Amino acid sequence: AEYYKTPRGFCSHTYPSLKFPEAQEALWRGLVHDGLATLATDEYPTNLELKLRGRTIEDVTGGNVGAEARMGIGYSEGVVKRGMTHERLADITATNAAKIFGLYPRKGAIAAGSDADIVLIDPTIRKTLTKDDFHVSDYSPWEGWQITGWPVLTLLRGKVIAERGKLRGSTSDGRLLTRKIDNAILARPAV
Numbered sequence: 031a032e033y034y035k036t037p038r039g040f041c042s043h044t045y046p047s048l049k050f051p052e053a054q055e056a057l058w059r060g061l062v063h064d065g066l067a068t069l070a071t072d073e074y075p076t077n078l079e080l081k082l083r084g085r086t087i088e089d090v091t092g093g094n095v096g097a098e099a100r101m102g103i104g105y106s107e108g109v110v111k112r113g114m115t116h117e118r119l120a121d122i123t124a125t126n127a128a129k130i131f132g133l134y135p136r137k138g139a140i141a142a143g144s145d146a147d148i149v150l151i152d153p154t155i156r157k158t159l160t161k162d163d164f165h166v167s168d169y170s171p172w173e174g175w176q177i178t179g180w181p182v183l184t185l186l187r188g189k190v191i192a193e194r195g196k197l198r199g200s201t202s203d204g205r206l207l208t209r210k211i212d213n214a215i216l217a218r219p220a221v
């Protein structure tokens with residue numbers, strides 16, 4: 031919330047809004063200790079020119095790039111800084127979402143008969159993120175973020191689709207999968 035007052039604060043505007051540090055820590059505790067099910071992004075990238083049109087927090091366009099940063103930020107903030115297990119990172123970034131949407135075990139698992147969708151993270155990478163680390167916008171709210179650990183290889187159904195920041199796949203690699211949210215999940219209270 032205080033970040034909104036900085037010179038580049040408008041770049042981070044999104045929905046839901048940024049939280050105060052104590053609320054951010056509570057969210058991380060929930061992710062690390064099983065209080066929240068997923069670490070996700072709605073991925074609504076805009077360009078810098080569109081963001082600059084707004085003059086106040088009420089008229090700045092929300093939305094940002096998030097999908098490309100999610101795994102690296104999740105690893106750096108969750109595993110490195112807060113002691114999250116690798117298994118828990120896999121749960122909040124893949125397994126739980128697959129279960130919620132009725133796609134498990136085809137998705138969200140490494141097992142015989144599963145699709146072999148895998149992200150490999152190099153834990154030795156230490157860097158400061160720049161806009162060049164992202165491919166769908168001319169700015170990123172993650173610019174300047176210090177990270178430890180970054181994705182280096184992404185497999186989709188066993189095929190390399192991204193490697194060291196370069197897209198190797200094509201738009202024809204995608205498949206439409208029918209999702210079904212189980213009634214037991216719909217009946218739960220929202221967290």
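The numbers in the sequence shown follow my numbering, run straight up by one, and end at 221. Beta carbons are placed, not taken as given, at the ideal position from N, Cα and C, and that holds for glycine. Model, not experiment: these values are computed from the prediction.
(request) Return the first residue and the last residue of the beta strand (DSSP E) that A192 is part of. (result) Stepping through the sequence shown from its first residue, residue 192 is reached at position 162. It spans 189 to 193 - the beta strand (DSSP E) in which A192 sits, taken as one unbroken run.
(request) Can you say whether E107 is buried or exposed, counting buried as having 16 or more other CB atoms within 10 angstroms of its CB? (result) Position 77 of the sequence shown, counted from the first residue, corresponds to residue 107. Buried: at least 16 other Cβ atoms inside 10 Å.
(request) Drop a sphere of 10 angstroms on the beta-carbon of N94, count the other beta-carbons inside from all chains shown, and report buried for 16 or more, exposed for fewer. (result) Within the sequence shown, the letter at position 64 stands for residue 94. That one is buried.
(request) Could you spell out where the beta strand (DSSP E) holding V149 opens and where it closes? (result) Along the sequence shown, one-based indexing puts residue 149 at 119. It spans 148 to 158 - the beta strand (DSSP E) in which V149 sits, taken as one unbroken run.
(message) By the three-class DSSP mapping on this structure, what secondary structure does L197 have?
(response) Taking the first residue of the sequence shown as position 1, residue 197 is located at position 167. The answer is strand: DSSP assigns L197 an E or B state.
(message) Applying the 10 Å Cβ sphere with the 16-neighbour rule, what's the burial state of V90?
(response) Position 60 of the sequence shown holds residue 90. It is buried - the Cβ of V90 has at least 16 other Cβ atoms within 10 Å.
(message) Would the region 164 to 182 count as touching the region 104 to 122 if we require 3 or more Cβ pairs under 8 Å?
(response) yes
(request) Tell whether a beta-carbon distance below 7 Å holds between T125 and A97. (result) Counted from its first residue, the sequence shown places residue 125 at position 95. Counted from its first residue, the sequence shown places residue 97 at position 67. Taking 7 Å as the Cβ cut-off, T125 and A97 do not qualify as a contacting pair.
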